[in-house]
Structure formats: C-alpha cells, structure tokens
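Colleague: First, the structure itself, so that you have it in front of you.
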Amino acid sequence: MHRSLLLSLLLSFPSMLSFASVPARAEDPLVGKRVVVIRDKATLEASGKEVAKVRECTVFTVGSVDGSWLWIKSERAYLRRADVVPFEDAIGHYTRLLETNRTANNYWNRAQIWRMKGELDIALGDMNDAIRLNPTESALFLNRGILWKNKKDYDKAIADYSEAIRLNPKSGAAYTCRGNVWGRKKEYDKAIADFDEALKHIDPNEKVGLFSDSDITGGDSTAMVNSRAVTLNNVAWLRATCPGE
C-alpha cells in the first residue's frame, strides 16, 4: 500500500509543478486609476439597469474590472470600458479631436482636463476659444467662471456667471455658483438671494457633477450629487452663520 501511494505521488509531481509554474493573472492596469468619460450621456448601470447618465469629461476612479465593464465604487455602478480613456491620455484624445473638429465642446472638454491638472491659464485659453466659437452658450460662461473662481479672481467669475444667467435665466447652476462667490466676497445678502433664485430652477431629482477647488490637485472630478440638496445646504449654512443678513 505504501509503495502504491508513493508511486501515485511521484506520478502526480510533474503536474503539480506545472500548476505551480502558471503565473497569476495580472490585475487590469485600470484598477485604481482615474479614467475620463469620452462619450456624452454615457450610462452608469447596476443589476443590468441604467441608474444614471454622466456628462462627457467626467472623471472616475476604477474600483475593479469585469471584462468590458468598469466598477465605479463611488457610484456603486458599472461603466462601459469603451466610454473612457485613462486620465493621462485625455489631453491627447481631445487634442487629436481638435485637429479635425474644432468645436466649442471639444475645447470645453480639454479645458476641464487642463483644469484638473492645475493648468488654469491653459484651460482659460481653451475656454476663450470655446466661447469665441459659441458666444451664446450659457454653460461656457458658467465653466469659465469656475476657472476665474479657481484663480480667486472673483470679480471676473461673477461677470461670467452673470452672463451665463443673462443667456439662460433659468440656470440654477449659474445662480448657485455666483452665490458661492458672493459668499467668498462676504456679500451674504447677495449670496442668499442667488441661492434662493437657484432653488426655483433646480429639478429636485436632478443629479449633477459638482467641481470643487480641490479638483485641481487630483482626485475624481465629480461626485454625482443632488444639486438642490447642495444649494439648500449652502442657504442653511449662510443663514446659520450670518443671521443678520
């Protein structure tokens, strides 16, 4: 019996060595990396159902990879791999697009990436080109205003937000952004007035990606948040800290 057991072990030894020599499958290089959405209204999906649409140029961090799908932990949903490029490749992607298709949207998107890389002056140049190509688009002035805010040039930020509101008086985002800058200038009555106006125009169910000053030092560009809730929080904070306004 001992001889047969020994023979069995000897016969299985080569296959055991073969199994041990098979290298472990390498982790997908996108895991833990930031990616940029390159298709407008790309979908986030969970359990086979669409849970949200995201704007082109949104940035997420990949939690894991399942074939052609990327798990976005912050959103608890999957995103198609074909709808993104690695963050470090995004400037090149939009530069190639601009070589053959000089649209305001492509300049706008490249500006967002420059902004997140901390290159605010280059981003402003792209936004200026975008506005030159489409001077009646409210969202372009809104986004250039964000750049001025990042540079702490609050007067220019307010001027751009005001133009965004003139072009689209129902832009809740523009009122919210301008209200934030009024708050930084300590003009709290104007800030509250803008937040109150924003609440008239924001869809209670709308979810948007909000940029913050910290975006220019890294991290995801957005968290999908309820924009009305954010504005209500701003109003509550101002009224609590500045009761005399």
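Add 11 to the 1-based position in the sequence shown for the numbering used here, that's all there is to it. Heads up, the beta-carbon is just placed ideally off N, CA and C, and yes, glycines get one too. The model shown is predicted, which means the values in this text are computed figures rather than measured ones.
Taking contact to mean 3 or more Cβ pairs, one atom from each stretch, closer than 8 Å, check whether the region 113-126 and the region 76-95 are in contact.
Modeller: no
Colleague: Give the single residue among Asp-166, Asp-171, Met-127 and Ser-58 whose Cα lies nearest to the Cα of Asn-139.
Modeller: Taking the first residue of the sequence shown as 1, we reach residue 139 at position 128. Looking only at Asp-166, Asp-171, Met-127 and Ser-58, the smallest Cα-Cα distance to Asn-139 is reached by Asp-171.
Colleague: Look up Arg-91 in the DSSP assignment and say whether it is helix, strand or coil.
Modeller: Within the sequence shown, residue 91 is the residue found at index 80, counting from 1. Note: Arg-91 maps to strand in three-state DSSP.
Colleague: Rounded to whole angstroms, what's the CA-CA distance from Asp-51 to Cys-68? Just pull it up for me.
Modeller: Indexing the sequence shown from 1 puts residue 51 at position 40. Indexing the sequence shown from 1 puts residue 68 at position 57. Cα to Cα, Asp-51 sits roughly 8 Å from Cys-68.
Colleague: Given this structure, state the Cα-to-Cα distance separating Arg-92 from Asn-117, to the nearest angstrom.
Modeller: On the sequence shown, residue 92 is found 81 positions in, with the first residue counted as 1. On the sequence shown, residue 117 is found 106 positions in, with the first residue counted as 1. Taking the straight line from one Cα to the other gives about 21 Å.
Colleague: Considering only the alpha carbon of each residue, which of Pro-146, Ala-204, Lys-162 and Glu-99 lies closest to Pro-40?
Modeller: The residue given as residue 40 occupies position 29 in the sequence shown. Nearest option by C-alpha distance: Glu-99.
Colleague: Is the beta carbon of Ala-202 sitting closer than 7 Å to the one on Gly-190?
Modeller: Reading the sequence shown from its first residue, position 191 is the one you call residue 202. Reading the sequence shown from its first residue, position 179 is the one you call residue 190. In contact: Ala-202 and Gly-190 (Cβ atoms closer than 7 Å).
Colleague: Restricting to Cα atoms, I'd like to know which of Ala-204, Asp-200, Glu-198 and Tyr-199 is closest to Tyr-186.
Modeller: Counting from one through the sequence shown, the residue named residue 186 turns up at place 175. Here the closest residue by C-alpha is Ala-204.
Colleague: Could you please give me the residues that DSSP links to Thr-72 through a beta bridge?
Modeller: By 1-based counting over the sequence shown, the position of residue 72 is 61. Arg-45, per the DSSP bridge assignment.
Colleague: Please report the straight-line C-alpha distance between Ala-53 and Asp-94, rounded to a whole angstrom.
Modeller: Within the sequence shown, residue 53 is the residue found at index 42, counting from 1. Within the sequence shown, residue 94 is the residue found at index 83, counting from 1. Looking at the two C-alpha atoms, the distance is approximately 7 Å.
Colleague: When the Cα atoms are used, what is the spatial distance from Ile-83 to Gly-43?
Modeller: Taking the sequence shown and counting its residues from 1, the one referred to as residue 83 is at position 72. Taking the sequence shown and counting its residues from 1, the one referred to as residue 43 is at position 32. Roughly 10 Å separates the two Cα atoms.
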